[in-house]
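Here is the structure we will look at, set down as structure tokens.
Numbering (the numbering used here), first residue to last: 289 to 367.
Below is the structure:
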């Protein structure tokens, strides 16, 4: 996925930014856009309820080096 700035550069390739700071961070006069939104909440829930337990289960089944946090998480889920 491309950022808004990269999309704009692809549409107008002849328009090059004047300096490296503008190319990386954009125009300083642009309004602030908050990055914490509903998509972020869904991503946190997905990682917390799907990816992390799956990773813990896989490491426990394969006999990999597991830390105390994995075992504490398993015990808390079982209780």
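Backbone N, C-alpha and C fix where the C-beta goes; we use that ideal spot for every residue, glycine too.
Problem set entry | Whole-angstrom distance between residue 326 and residue 343, CA atom to CA atom | As a first step, residue 343 must be located in the chain shown, where it is residue number 55. As a first step, residue 326 must be located in the chain shown, where it is residue number 38. So the alpha carbons of these two residues sit roughly 24 Å apart.
Exercise. If you follow the alpha helix (DSSP H) that residue 341 is part of, which residue opens it and which one closes it?
Worked result: Looking up residue 341 in the chain shown gives position 53. Element bounds for residue 341: 340-350.
For this session: Specify the secondary structure class of residue 358 as computed by DSSP and reduced to three states.
Result: Start at 1 with the first residue of the chain shown, and residue 358 comes out as number 70. In this structure, residue 358 counts as helix in the three-state DSSP scheme.
Problem set entry | Rounded separation between residue 340 and residue 323 - CA only | Locating residue 340 in the chain shown gives position 52, counting from the first residue. Locating residue 323 in the chain shown gives position 35, counting from the first residue. Taking the straight line from one Cα to the other gives about 23 Å.
Problem set entry | Nearest-angstrom beta carbon gap, residue 348 and residue 362 [assumed within contact, 8 Å] | The sequence position of residue 362 within the chain shown is 74, counting from 1. The sequence position of residue 348 within the chain shown is 60, counting from 1. Sure, about 7 Å apart at Cβ, within 8 Å.
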